[in-house]
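Some notes on the structure that comes next.
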Amino acid sequence: MKAGRIKFADGSHMSIDFTNIAVWQRFAPFVAKSDAWKTFFSYPNGQSDNLGKRIRHTSLFQMARHVIAKGINGHFVECGCAGGHSTFMMASALKGSSRSSRLIIFDSFEGLSPLDNEDQTFVKGSTDVYGMRKAASKGGAFAVSLEEVAPFFTDFPFVEFYKGWVPDRFNEVENESFAFVNLDLDLYQPTLDSLEFFFPRLEKGGVMHIDDYNFTDWPGVKCAIDEYLSNKDYSLFYEIPLGGAFLVK
């Protein structure tokens, strides 16, 4: 089997890896009962589907629910929301809970900033299968406007969008504390800037999800994480199979 596209009656379409469907069939009991699974497929602006994304997004949802259940104080944050799929997973986890937490979103909504040297130190033998390196070589790659994303969150009044380059607007929440932070920034410098700001403000037991950790397309993210954590104390660092990681303070 191979990747293909499904076209719906309204003319919209979704990319899907048919090999991954076979893999997930082995976990049918989990799929049937999983709110995370249902939420993943209910986002109306979902634009792609692959096994790695399913694992990261459903894990993100479950970890957010864990933080809520444990009553860890603080707001939820996402740095880098792109089309808003992971934002939707976090917002859905928060909706219906008794928490008064805000979900604060930082994104340029103008795509990626230019690459640094750390973003171009690619793993030997890796290939640019999806053309991401070529696309990211110029600033503004993968841009999705705020006007495209915001309408999908009208049912989530606790979601707040802060448009601007990371970390330009972080100072607006410098007196807050945080329970859950999702970093999906692709590049070294904004990832490092986000760590330096949010990790000290993360509550004990709070969680960070680093979406691009161990991705050969985005080596700067691993550089930033490994560099920052080299002299920090934390409870757990878990590398997710097929990319991504969770950091528990």
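In case it helps, our numbering puts the sequence shown at residues 106 to 354.
Positions of the beta carbon are idealized from the N, C-alpha and C atoms, including for glycine.
As the structure is a prediction and not an experimental result, all values here were calculated from the model.
- Taken through DSSP and simplified to helix, strand or coil, V264 comes out as strand.
- If you draw a straight line from the Cα of E252 to the Cα of Q225, it is about 31 Å long.
- Per DSSP, the unbroken alpha helix (DSSP H) holding K158 starts and ends at 156–174.
- Per the C-alpha coordinates, the member of E279, T321, Y148, Y343 positioned closest to F302 is E279.
- DSSP places I315 within a strand segment (E or B) once states are collapsed to three.
- Of W323, N336, L341, F285, the smallest CA-CA separation from F166 is found for F285.
- If you draw a 10 Å sphere on the C-beta of Y339, you find fewer than 16 other C-beta atoms in it, and that means exposed.
- The beta carbon of S206 sits closer than 6 Å to those of H180, F181, all from its chain and outside the five residues before and after it, given in chain order.
- F258 and M168 have their C-alpha atoms roughly 21 Å apart.
- For I210, the uninterrupted beta strand (DSSP E) segment begins and ends at 208–212.
- Here the alpha carbon of F351 sits roughly 5 Å from the alpha carbon of H314.
- Taking C-beta separations shorter than 8 Å and ignoring five residues to either side along the sequence, the partners of G245 in its chain run E215, G216, L217, following chain order.
- Judged by DSSP in its simplified three-state form, A187 adopts coil rather than helix or strand.
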